Every structure is written in structure tokens, then in C-alpha cells.
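Participant:
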Amino acid sequence: MSTRSILTATLALVALGLVSPVYAQDAAATASASVAQWSIITAGFALAFAAGLAALAQGRAVSAAVESIARNPSAAGDVRGNLLLGLVLIESLAIYVLLISLILFFLKPFSG
836 MSTRSILTAT LALVALGLVS PVYAQDAAAT ASASVAQWSI ITAGFALAFA AGLAALAQGR
896 AVSAAVESIA RNPSAAGDVR GNLLLGLVLI ESLAIYVLLI SLILFFLKPF SG
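In the working numbering, the protein residues as written are 836 to 947.
Have a look at this one:
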């Protein structure tokens, strides 16, 4: 690392250390804030898992459909219809998780 980047990082940490007391809260507000923070963190992890697993499921579905069409081209129409239905259902699960996460992000149902 160069001395310039070390100096910049040090100055940034000092600035954050000087500004952090501005955001200090009293003890009563920290309990509800803690629940709100954990609900946001949980929503973020739920979004990550849902997006990742939906992508894996969609990849496997498309792979199986392409292999099926390659083996039996005459059944391409039926396979394509079932593939689209499966992809819609997989994506709807990811959209439901997005909806729940947005509720947790913006409405904060667990904070008092």
C-alpha cells in the first residue's frame, strides 16, 4: 500500500470517529432500534438467499428443458409451456421474498 492510501484511510477513520457521537442515542431507543436493525439484516439475507436459489433453480430448469428438447424435438411446444410455467412460479417466490423484505425495510413492523 502506498503512504497516500494509508493516510487517506487514517483520515477517514479519524473523521468517522469524530462524527460518530452525533448519532448516539439514549438507551430506550436502542432496544427498538436493535429489533429494526435485525429485521433489516434478516430481510437482506432473505433477499440474497432467494435471489441466489431462484437463479440456480431457473438455470437447472432451463438446462433440463433444453436437454429435453434436444432429445425429442417434436415435444418442444409442451416442454416450452411447462418451462415457462415453472419459471414463472420460481420467479414469483423470489418476488414474494422481495415484497416481504420491502415491508421490513420501509414499514418496520417490529419497531415500536
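C-beta atoms are modelled at their ideal positions from N, C-alpha and C, and glycine is treated no differently.
These numbers were taken from a predicted model, which means no experiment stands behind them.
(1) With a Cβ-Cβ cutoff of 8 angstroms, do L918 and V932 count as a contact?
(2) What's the C-alpha gap between V923 and A844?
(3) Based on Cα-Cα distance, which residue from L846, Q872 and I841 lies nearest to F940?
(4) On the CB-based measure, 16 or more other CB atoms within 10 Å of its CB, does A847 come out buried or exposed?
(5) Going by beta-carbon coordinates alone, are A953 and S936 separated by less than 8 angstroms?
(6) With the cut-off set at 8 angstroms, would you say A929 and A899 are in Cβ contact?
(7) Just mark S874 as buried or exposed, buried being the case when its beta carbon has 16 or more other beta carbons within 10 Å.
(8) Between which two residues does the alpha helix (DSSP H) carrying S936 extend?
(9) Is the Cβ-Cβ distance between V914 and I925 less than 8 angstroms?
Facilitator: Taking the definition as stated:
(1) no
(2) 46 angstroms
(3) Q872
(4) exposed
(5) The shown model of the chain, from 836 to 947, leaves out residue 953, and the question about it has no answer.
(6) no
(7) buried
(8) A911 to F941
(9) no
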